[in-house]
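Shown next, in structure tokens, is the structure this report addresses.
Number of protein chains: 2
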Amino acid sequence: MAGTASRAGSTGRRERLRAETTAEIKDVALELMASGGPEAITLRAIAREMGMTANAIYGYFATRDDLVTVLIGDVYTELADAVDTAWESASADSPATRIQGWAGAFRNWALANPEGFRLVYGDPVPGYDTPHGGAAPEAAHRVCAGLTALAAAAWPYAEHLHESSEFAWSDFDAGLVDKVRADFPGLPPAAVALALRIWGRLHGLVSLEVYGHLRTQTTSPDKLFREEVTQLVRSLDIPLRS
Amino acid sequence: MAGTASRAGSTGRRERLRAETTAEIKDVALELMASGGPEAITLRAIAREMGMTANAIYGYFATRDDLVTVLIGDVYTELADAVDTAWESASADSPATRIQGWAGAFRNWALANPEGFRLVYGDPVPGYDTPHGGAAPEAAHRVCAGLTALAAAAWPYAEHLHESSEFAWSDFDAGLVDKVRADFPGLPPAAVALALRIWGRLHGLVSLEVYGHLRTQTTSPDKLFREEVTQLVRSLDIPLRS
DNA sequence: TGCGGTGACTATACGGCGTGAAGTTTCTAT
DNA sequence: ATAGAAACTTCACGCCGTATAGTCACCGCA
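In structure tokens form, the structure reads like this:
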């Protein structure tokens, strides 16, 4: 009634409401996931929580898988933000510290958001093959770029250990290659391979831990991870104190 | 009719039929999983395939999760067999070769049975928390024991790199500790930590590959894995040629 | 030879799921 | 004021796991 159109910004009231509802759906979905795992993300449960009908959600997401895809993108982006922040907040003078910071942020995020980790890196709940386009692949590339920065920081120390490496640019995804060659000119393909291998190393322990496979073997996954990172740094011939 | 009880071995006809049906249920379930992923394991689909009613399966497995648990145990045991065989068939004289064999067998099994890998190491399909007892934990311990054998073989070379290690027996599961101290007397806790870290290293790349995260970054996951194993051996100070 | 018990299986049912089609209400732009 | 679009509901279908009750064949024993 009063001040009808006055508070409408660049968008109309309709779109604003729509955006709010969309956000609420995603929020509720994330809450459900946090409390019941990825499989608890159910259109009917979301609708129940919102006082709506399940079918109403189809006005916002074409399908349940579409919703999950968007969620994966959001969550993956949060992860990318977390590790990027850790990387940037560590002194560039000390590659060891930076790597430890990145690795620690990765694990901490995973332990703080185990369901999110499963959503991003595990079976994203029935059927569902990865979407090949959207926020998730972009976040994945950000994480890979971060890893490449890590490898680039290590490269001056580690290069001499990779002289027999047989990697070529053609071994990697074209998009990734473009990004790497733009961001780190002069960096050889072997360093990208190193980046991916570091990813694997960190992902392995964290993944085992999140999925509960470490818990049945060790009571100190934390210590194990720190040791792994220490040995990683050592295996790159990086001095522990810069 | 003829020879009624003659061919009944140590068990009666009733039990034999029962065992056969149980086996058929598991076989069909594994087929469904192979063709449609873990989430395709459905009591109704299995029953359909067998010309039965879904409820008939409840005579053999109390619940769908029970069936899945048994399947995980079976599949995990197959994996343990595969890596054990690879380990034993490689010359004990060359730790490097043995480690490469173990790692290769692990990855090959995972790539040949991606759904099995997901069943064992991923979300085993909705809800479902790990069973804590049965064939799966036993297989897990076998794999860990295999990894410890790996670490034990590497230890003479790698020990000097782990002098600052702070691990104690109390950092590990009591059952695992007993097994290790019986099988490898004299091996310190740090070596068990090394075994678990090696597990993480191998699991990481394989897991990323099975779940399709490597595919979007590299076209040569194979080369990447071989490089990782090579660097693993190198990081343990093991001579490549014994 | 018949009979009671047991184990294998089916029939029916309930609630929950994703989703399609059709209908209803509510807002908006003309 | 009205036409139309957007938001949402209702109803329906076919999946799913699973509980309950009933049916039928086979077993050992008299």
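Line order of the protein sequences matches chains E and W. The opening position of the first sequence corresponds to residue 1 in this note's numbering, with each subsequent residue numbered one higher. The opening position of the second sequence corresponds to residue 243 in this note's numbering, with each subsequent residue numbered one higher. Beta carbons: idealized from backbone N, C-alpha and C, even for Gly.
- Item | Three-state class that DSSP yields for W/T460 in the structure shown | In the structure shown, W/T460 sits in a strand (DSSP, three-state: E or B).
- Task: Using a Cβ cut-off of 9 Å, pull out every chain W residue sitting near E/F172, in sequence order please.
- Result: Per Cβ cutoff of 9 Å: Q459, T460, T461 and S462.
- Identify each residue in the region 135 to 153 of chain E for which the Cβ-Cβ distance to at least one residue of chain W is less than 8 Å, and report them in chain order. Of all residues in the region 135 to 153 of chain E, P137, A140 and C144 have a Cβ within less than 8 Å of some Cβ in chain W.
- Task: Out of W/R286, W/V422, W/L429 and W/Q459, point me to the one whose CA is closest to E/G175's CA.
- Result: For E/G175, the closest C-alpha among the options W/R286, W/V422, W/L429 and W/Q459 is that of W/Q459.
- Return the Cβ separation of W/P486 and W/F414 in integer angstroms, given the expectation that the two are a contact with Cβ distance under 8 Å. No answer is possible for residue 486 of chain W: the residues shown for chain W start at 243 and end at 484.
- Spatial neighbours of E/V70 in its chain, beta-carbon cut-off 8 Å, leaving aside the 5 residues before and after: Contacts found: K26, F61, G134 and A135.
- So what's W/F426 in DSSP terms, helix, strand or just coil? The answer is coil: DSSP assigns W/F426 none of H, G, I, E or B.
- Query: According to DSSP, is E/F61 helix, strand or coil?
  - Reply: Coil at E/F61, not helix or strand.
- Given a threshold of 16 other Cβ atoms within 10 Å of its Cβ, counted over all protein chains shown, does E/L240 qualify as buried or as exposed? Answer is exposed; the Cβ neighbour count stays below 16.
- Message: Tell me the rounded alpha-carbon separation between W/P337 and W/H402.
- Response: For W/P337 and W/H402, the distance between alpha carbons rounds to 17 Å.
- Check whether the Cβ atoms of E/I287 and E/Y157 sit closer than 7 Å, and answer yes or no. Any question about residue 287 of chain E goes unanswered here, given that chain E covers just 1 to 242.
- Query: How should E/L194 be labelled, buried or exposed, when 16 other C-beta atoms within 10 angstroms of its C-beta is the threshold for buried?
  - Reply: When all chains shown are included, E/L194 counts as buried.
- Task: State yes or no: is the C-beta of W/R384 within less than 7 Å of the C-beta of W/A332?
- Result: No; because the gap between Cβ atoms is not below 7 Å, this pair is not in contact.
- By the criterion of Cβ-Cβ separation under 7 Å, what are the contact partners of E/F117 in chain W? Those within 7 Å of E/F117 in chain W number zero; the least Cβ separation is about 11 Å.
- Taking the C-alpha atoms as reference points, what is the distance between W/D335 and W/A396? Between W/D335 and W/A396, the C-alpha separation is close to 12 Å.
- For the region 258 to 288 of chain W, enumerate the residues whose C-beta is nearer than 9 Å to any C-beta of chain E, in chain order. So the close ones are G278, G279, P280, E281 and A282.
- Message: For E/K179 and E/A140, which I take to be in contact (beta-carbon distance under 8 Å), what is that distance rounded to the nearest angstrom?
- Response: Between E/A140 and E/K179 the Cβ distance is about 12 Å, and since that is not below 8 Å, they are no contact.
- Message: Would you say W/R443 lies against chain E (beta-carbon separation less than 7 Å)?
- Response: Cβ-Cβ to chain E under 7 Å: yes for W/R443.
- Per the contact definition of three or more C-beta pairs closer than 8 Å, is the region 341 to 352 of chain W in contact with the region 281 to 291 of chain W? No, because fewer than three Cβ pairs between the region 281 to 291 of chain W and the region 341 to 352 of chain W fall closer than 8 Å, the two stretches do not touch.
- Does W/E405 get closer than 7 Å to chain E when you measure Cβ to Cβ? It does not: the Cβ of W/E405 has no partner Cβ on chain E nearer than 7 Å.
- Item | Close beta carbons around W/L272, own chain, < 7 Å, minus the five adjacent residues each side | L313, listed in sequence order.
- Name the chain E residues that come within less than 8 Å of W/R439, Cβ to Cβ? The contacting residues are L205, L224, E227, E228 and Q231.
- Query: Whose C-alpha, out of E/E88, E/V75 and E/T97, is nearest the C-alpha of E/V120?
  - Reply: Measuring from the Cα of E/V120, the nearest candidate turns out to be E/V75.
- In or out: W/R249 buried (at least 16 other Cβ within 10 Å) or exposed? For W/R249, the pLDDT reaches just 46, beneath the cut-off of 50, and the residue's location in the model is therefore unreliable, leaving the point undetermined.
- What did DSSP end up calling E/F167 once you bin it into helix, strand or coil? Here E/F167 sits in coil by DSSP.
- Opposite W/F414 in the DSSP bridges: which residues? E/T218.
- Task: Mind the definition here: the region 288 to 304 of chain W touches the region 447 to 462 of chain W only if three or more C-beta pairs lie below 8 Å; say whether that holds.
- Result: Counting Cβ pairs under 8 Å, fewer than three are found: no touch.
- Query: Mind checking if E/L79 is an interface residue toward chain W, Cβ cutoff 7 Å exclusive?
  - Reply: For E/L79, the nearest beta carbon of chain W is not closer than 7 Å to its own beta carbon.
- Query: Would E/G73 count as contacting chain W if we go by Cβ distances under 7 Å?
  - Reply: E/G73 does not count as touching chain W.
- Message: Strictly below 9 Å CB to CB, what residues from chain E border W/S331?
- Response: Neighbours of W/S331 on chain E: none; closest Cβ ~25 Å, over 9 Å.
- Task: Measure the CB-CB distance between E/A34 and E/E115 and report whether it falls below 7 Å.
- Result: Inclusion of E/A34 and E/E115 in the CB contact set at 7 Å is warranted, their separation being smaller than that value.
- Message: Tell me the rounded alpha-carbon separation between E/L214 and W/G442.
- Response: Their Cα atoms are separated by approximately 9 Å.
- Are the beta-carbon atoms of W/P463 and W/R360 separated by less than 7 Å? For the pair W/P463 and W/R360, the CB atoms are not nearer than the 7 Å cut-off.
- Consider the Cβ of E/D84: report whether some Cβ of chain W lies at a distance smaller than 7 Å. No - not a single Cβ of chain W is within 7 Å of the one on E/D84.
- Query: E/M52 to E/A19, Cα distance in whole Å?
  - Reply: Near 16 Å, if we compare the C-alpha coordinates of E/A19 and E/M52.
- Is there at least one Cβ from chain W nearer than 7 Å to E/D123's Cβ? For E/D123, the answer is yes, since a Cβ of chain W falls inside 7 Å of its Cβ.
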